[in-house]
Amino acid sequence: MAIQPLRDTKAGVLRTPDIGRTVRIAGWVARRRDHGGVIFIDVRDASGIVQVVLNPEDAPASEEVLHGLRSEYCIAVEGTVEARPAGTVNPDLPTGEVDLVASSLTVLSAADPLPFQITDRVDVDEAKRLEYRYLDLRRDKMANNLKARSRTVQAMRRVLDADEFLEVETPTLIASTPEGARDMLVPSRMRQGHFYALPQSPQLFKQMLMVAGIERYYQIARCYRDEDLRADRQLEFTQLDLEGSFWGQEDVLETLESVVCEVVKDVRGIELSRPFARLTYAESMERYGTDKPDTRFAMEIADLSAVFAGTGFKAFAGVLAGGGTIRGINAGALGLARSGLDAQVDRAIDLGAKGLVWMVVQEDGSLRSPVAKFLSDDEIVGIKRTLDAAVNDVLFIVADAPKVVGKVLGSLRLDHGQPAGHEDLNFLFVVDFPVFEETDEGGLVAAHHPFTSPHSVAEMRDNPGDALSNAYDMVLNGVELGSGSVRIHDPVVQQQVFEVLGISEEEADLRFGWFVRALRFGTPPHAGFAIGVDRFVSILQNEPNIREVIPFPKTQTGGDPLTGSPAIVDDTQLGELGLLIAPAVRAAWADESDL
RNA sequence: GGGGGCGUGGUGAAGUCUGGAGUUCACGCCGGCCUGUCAAGCCGGAGGUCGCGGGUUCAAAUCCCGUCGCUCCCGCCA
């Protein structure tokens, strides 16, 4: 019979002041050291680990039971907390000054031999970890990640609740909208041939809540985007979504700062200085070649167009004549051999450049480079001065359209300068995003959702390439943590924006008619934001991918090795939904079941 | 859709380039010894269709083709 109650104390909290107490703990066998006589068992529960001493003369259980204990057996122990004998204190363990000397031990649940060891010391294949995620989550690192995630969300709620935000849930079965990411679809049984979509974000609903007079809303919202996965992207992910009425951009950014500071204080134990840096989109692109700069290191992009204004180097002269630009970075003393430098050229070409010029500053001040012979003395001086170059520094120069130059140099900058982990936290806001982004073909597409207010509708219509919007991103260590905007609250402006974005009146009316109608009933000016919780926690925990802070994530091909999702459903279910599977797909099912 | 990396007893790695007996290391597992260890120790043992399929070869973990899975990246992610 098991001891009742199973436990009255947590394993990880026992300390010297507890010496002499008789306690009951329950947990898992993390490690056993069986000396034939005395046996030491590290018992782990959610609070930590304590060493249990099983003395044969105390006979806490039969010899068979005691020597039969194995890794991850779930057990209950009653015993006395005792001081460890001199010289046997374990300073690496919070409970290391005490032993729990067992008077009784019960096996609550045995465990099969493990598919992998429960330890942070070995990197097990991730598919195997996911297949046995319940064991993987027993590891300290994963348990700590889940704790950090919980503390993160609690800190968010604490700040927003104190600021009188209302936590409101919005539907997850909604109508599909074709813009943006691919929707995750759910077929309707009651209206066959019709589909719900899972929300990519609660965008329109939170705006409805502003119309509804909620004034301050937030939600820890699950969002879904049916796009290819990455280290920082899952099919489903979590956002802290918030919105406020009678708000402008500064109100949003200040609220975000207070939320983020509380989270970082709680999880990392450090005070961030406020306000966070603010950078315009244009400045960010200019200096870092990206809209999500990692500002933990400099290596900024410098414009060399002036240096080469009258150059005799035809490749550069041609780019300048064609309206392109010439920029470079100083990657520092990389110590690369010729082959390593040429590999950078390949990398640049992969990124879309026609080429890359590298230069290495020599002891005598000259530049070693494939193009050195084309450069004048003035140009060499100008390059070194502009890039602040010292001996042995490697300089990378790209001449192309500004967009290409920024992408290539921005990527090389990260390749050679980005710190490995996330020891330091550099938050910043990027503001004044353009309304439109240029496509590779030179066309314009909306950079944001169509509910973002432009600085000026007239400018947006007359000069779309330069028009700015009241949209902003939060960036942490080169990762886009979230984005938001001041919304359009005037139905007339909203109609105009649809028009400029190329959404016809009929189309706008069909898809967003209900939304524009809502705006006609006294809509307060409002603005909001959403923070990616998974990304935030993964950075705080110094994890390389967000799966490490998600208890049951999907693999890169969207599957769950534990439960086998996604799965084929039977014909009865399909019939209820009025769905037929295409013959080719059915044939593939047959192949699958042959495996 | 495209490019890169990986797949070897239960786990992690080496072996693959340069073909020659399933070889090696660490952990785990099983058995024995062992009363103060804490990644316990010592001794012994079991355990693999080298992801899968095909090809080349006297001979394939190794070379070639295909395929599956995991992963990183490009595209995609308003």
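Position 192 of the first sequence, counted from 1, bears residue number 191 in numbering that gives the first Met the number 0, the numbering being contiguous throughout. Just so it is clear, CB atoms sit at the ideal spot from N, CA and C, and this is done for glycine as well.
By DSSP's assignment, Asn329 forms a beta bridge with Leu394.
Contact between Gln199 and Tyr223 is confirmed by a C-beta separation of about 7 Å, below the 8 Å threshold. Judged by their CB atoms, Ala526 and Val492 are not nearer to each other than the 8 Å cut-off.
In the DSSP assignment, Gly243 is bridged to Arg215, Ala526. Per DSSP, Ala517 is one residue of the alpha helix (DSSP H) stretching across 504-518.
Under the Cβ criterion (8 Å, minimum of three pairs), the region 379-389 does not count as touching the region 489-509. Cα atoms of Pro433 and Leu576: separation of roughly 43 Å, rounded to the nearest angstrom. Sequence-distant Cβ neighbours of Arg267 in its own chain, meaning closer than 8 Å and more than five residues away, are Leu424, Leu539. Here Leu500 really is in contact with Pro449; their C-beta atoms are around 5 Å apart, less than 8 Å.
Bounds of any alpha helix (DSSP H) do not take in Tyr471; it lies within the beta strand (DSSP E) bounded by 470-475.
In this structure, Val106 lies near Ile74, with their beta-carbon atoms less than 8 Å apart. Boundaries of the beta strand (DSSP E) around Thr279: 276-279. Residue state for Ser70 is assigned as coil, using DSSP reduced to three classes. Taking 8 Å as the cut-off, the beta carbon of Leu104 is found no closer than this to the beta carbon of Ala142. Per DSSP, the continuous alpha helix (DSSP H) segment holding Ala161 begins and ends at 139-161. When Cβ pairs closer than 8 Å are counted between the two stretches, the region 83-94 is seen not to touch the region 127-146, the count staying below three.
Under the three-state reduction of DSSP, Ser103 is assigned to strand. Counting C-beta atoms within 10 angstroms of its own C-beta, Lys264 has fewer than 16 neighbours from the protein chains shown and is therefore classed as exposed. Taken through DSSP and simplified to helix, strand or coil, Gln50 comes out as strand.
The shortest CA-to-CA distance from Pro523 to any of Asp135, Glu214, Arg20 is the one to Glu214.
Of the other Cβ atoms in all chains shown, 16 or more fall within 10 Å of the Cβ of Thr310; this residue is therefore buried. A Cβ-Cβ distance of about 13 Å is found for the pair Ala174 and Met183, leaving them out of contact under the 8 Å criterion. DSSP, read as helix, strand or coil, puts Phe194 in strand.
For the set Leu561, Ala566, Thr554, the Cα lying nearest the Cα of Gln233 is the one of Thr554. Between Ser102 and Glu77 a beta carbon distance of about 6 Å is seen, short of the 8 Å cut, so the two are scored as contacting. Collapsing the DSSP output to three states places Thr21 in a strand.
Distance between Glu437 and Ser272, taken at the CA atoms: about 35 Å. Bounds of any alpha helix (DSSP H) do not take in Arg232, whose DSSP letter is neither H nor E. Arg120 sits in coil when the DSSP states are folded into three classes, being neither helix nor strand. Spanning the alpha carbons of Lys146 and Ile487 requires a straight line of approximately 38 Å. With a 10 Å radius around the Cβ and a threshold of 16 neighbouring Cβ atoms, Arg412 comes out buried. Residue burial is scored here from C-beta neighbours: Ala587 has fewer than 16 other C-beta atoms within 10 angstroms and is therefore classed as exposed.
As a beta-bridge residue in DSSP terms, Glu77 pairs with Arg23, Ser103. Counting the other Cβ atoms within 10 Å of the Cβ of Gly323 gives 16 or more, which makes it buried. A direct Cα-Cα distance of roughly 7 Å separates Val356 from Pro369. Three or more Cβ pairs drawn from the region 465-474 and the region 247-256 lie within less than 8 Å of each other, which places the two stretches in contact.
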